[in-house]
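*Asks:*
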Amino acid sequence: MSKPVRFALAGFGAWGKFHAQSIAANPDAQLVAIAAPSEASREEARRLHPGAQIFSDSAAMIAEADFDIIDIATPSHTHPALAVAAMERGKHVLLEKPMATTLDDCKTIVAAALPTIGLELGDFADSPWIVTAYLVAATTVTLPGWSVSLSTSSV
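Residue numbers (the numbering used here): 17 to 171.
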């Protein structure tokens with residue numbers, strides 16, 4: 017049996033709580049860190065997920081916590097900074113939709129992800145559809161005990 021995938025969760029609002037519950041219910045996953053902005057939400061996170069390290073700041077959690085993948089369920093305008101920070105630490109990133117609020121922010125996230133799969137943004141910088149299709153065609157995410165392959169069959 018492989019080790020569980022260690023998740024950090026940025027955001028503990030309505031969607032974040034749902035994500036936390038789903039992660040905690042999966043025997044192949046372990047919720048190891050949660051960032052929640054208010055004292056009330058941090059207290060609830062401590063009560064519901066006593067094994068998780070609780071942070072008041074998502075950036076601090078990314079810098080300090082030991083995890084494999086971050087689930088980002090914060091307001092959409094915060095996604096680029098958090099996703100890029102996590103990828104710079106070599107972490108896998110799961111973003112709640114929408115990915116970002118502007119095309120430029122989406123490009124920033126994609127540009128940070130491309131080196132991890134051996135690609136450069138280059139000529140694709142002006143076409144979000146080509147970038148998306150190329151990423152989908154080229155991406156296979158493999159974590160211990162998990163394998164998700166994406167294909168271009170619907171692109």
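Yeah, the Cβ is synthetic: ideal placement off N, Cα and C, and Gly gets one too.
Here's a check: name, in chain order, each residue in its chain whose Cβ is nearer than 6 Å to the Cβ of A52, leaving out the five neighbours to either side.
*Replies:* Within the sequence shown, numbered from 1, the residue matching residue 52 stands at position 36. Only F28, R58, A61 meet the Cβ criterion.
*Asks:* Across which residues does DSSP place H108 in a beta bridge pair?
*Replies:* Reading the sequence shown from its first residue, position 92 is the one you call residue 108. The partner list for H108 (beta bridge, DSSP) reads I85.
*Asks:* Answer with buried or exposed for R63, where buried requires no fewer than 16 other C-beta atoms within 10 angstroms of its C-beta.
*Replies:* Translated into positions along the sequence shown, residue 63 becomes position 47. R63 is exposed by the Cβ-count criterion.
*Asks:* If you follow the alpha helix (DSSP H) that L64 is part of, which residue opens it and which one closes it?
*Replies:* Sequence index remark: in the sequence shown, residue 64 carries index 48 (1-based). Looking at the DSSP string, the run of the alpha helix (DSSP H) that includes L64 is 55-64.
*Asks:* Taking 9 Å as the threshold (C-beta atoms), are I88 and T94 in contact?
*Replies:* In the sequence shown, the residue the question calls residue 94 occupies position 78. In the sequence shown, the residue the question calls residue 88 occupies position 72. Yes.
*Asks:* Does DSSP classify A129 as helix, strand or coil?
*Replies:* One-based indexing of the sequence shown puts residue 129 at position 113. It is helical.
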